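Engineer: Residue 112 in this note's numbering sits at position 72 of the sequence shown, with consecutive numbering throughout.
C-beta: ideal position from N, C-alpha, C; glycine also.
This structure is a prediction, so every number in the text was calculated from the model and none was measured.
Sharing a structure, written as structure tokens. Questions coming.
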Amino acid sequence: MSRPLLCHPGFRSSAVRSLRARVRRMPSGALAVNFKLDADLERLQIPSRRPRRFRDGLWRHTCFEVFVATRARAYQEYNLSPSSEWASYAFSSYRKRAAATPLPPRIRVRRNGLDATIAAKGRLKIGLCAVIEEKNGSLSYWALRHPRGKPDFHHRRAFALELG
Numbered sequence: 041m042s043r044p045l046l047c048h049p050g051f052r053s054s055a056v057r058s059l060r061a062r063v064r065r066m067p068s069g070a071l072a073v074n075f076k077l078d079a080d081l082e083r084l085q086i087p088s089r090r091p092r093r094f095r096d097g098l099w100r101h102t103c104f105e106v107f108v109a110t111r112a113r114a115y116q117e118y119n120l121s122p123s124s125e126w127a128s129y130a131f132s133s134y135r136k137r138a139a140a141t142p143l144p145p146r147i148r149v150r151r152n153g154l155d156a157t158i159a160a161k162g163r164l165k166i167g168l169c170a171v172i173e174e175k176n177g178s179l180s181y182w183a184l185r186h187p188r189g190k191p192d193f194h195h196r197r198a199f200a201l202e203l204g
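Below is the structure:
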């Protein structure tokens, strides 16, 4: 089922009409994630296509994000850029990086969105999020659910979807 991502009220976008995300479990156990953007694409700063590779700092620009947690405090973060670049990080608790690195996601970029496959097992809490950059440099922050205050995709309140 496709779900709307909500724009953080402190960082509005006049170029984005809506952003929807969908996640489903594949027979292999992996997650299939889809993001679909309805926007005036000419007003957005969309990164140019590049070879698929790890790149840190993708969240500073237009980037789709997936957070995956078990019931424990540990979780994983996946940054998925329209450039085809990606980043994945493991955390032992809130914003505390762990030594392990999750397996890289598989990404397919579309004109108005992105599809990804992410390795995952067990019962999960998931956060689906995005940072959208406009050509004027302004950023808007989108999530299934935002915690109070500033945008914080790492906050457990943002992990709004449960999958068995």
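So, using beta-carbon positions, are P91 and S124 closer together than 8 Å?
Structural biologist: Yes, these two residues count as a Cβ contact at 8 Å.
Engineer: Taking all protein chains shown into account, decide if A55 is buried (16 or more other Cβ within 10 angstroms of its Cβ) or exposed.
Structural biologist: So A55 counts as buried.
Engineer: Residues bridged to P144 by DSSP?
Structural biologist: P144 is not bridged to any residue.
Engineer: Does DSSP put R100 in a helix, in a strand, or in coil?
Structural biologist: DSSP places R100 in helix when its eight states are reduced to three.
Engineer: A156 and I147: beta carbons closer than 8 Å?
Structural biologist: Contact: yes.
Engineer: Have a look at M41 and R62 and give me their C-alpha separation to the nearest angstrom.
Structural biologist: Cα to Cα, the separation comes out at about 6 Å.
Engineer: Taking R83 as the reference, give the member of N74, L179, F107, I158 with the closest Cα.
Structural biologist: When each option's Cα is compared against that of R83, the closest is L179.
Engineer: Which residues does DSSP pair with A127 in a beta bridge?
Structural biologist: In the DSSP output, where bridge partners are listed per residue, A127 has N119.
Engineer: Could you check whether the stretch 162-174 touches the stretch 124-133, counting it as contact only if at least three pairs of C-beta atoms, one from each stretch, sit closer than 8 Å?
Structural biologist: These segments do not touch.
Engineer: On the DSSP bridge list, what partners appear for D78?
Structural biologist: The partner list for D78 (beta bridge, DSSP) reads S58.
Engineer: Going by other Cβ atoms of all chains shown within 10 Å of its Cβ, with 16 needed for buried, is P49 buried or exposed?
Structural biologist: That one is exposed.
Engineer: Can you give me the C-alpha to C-alpha distance between K190 and L45, rounded to a whole angstrom?
Structural biologist: Looking at the two C-alpha atoms, the distance is approximately 16 Å.
Engineer: I need the DSSP call for A160, collapsed to helix, strand or coil.
Structural biologist: Coil, per DSSP.
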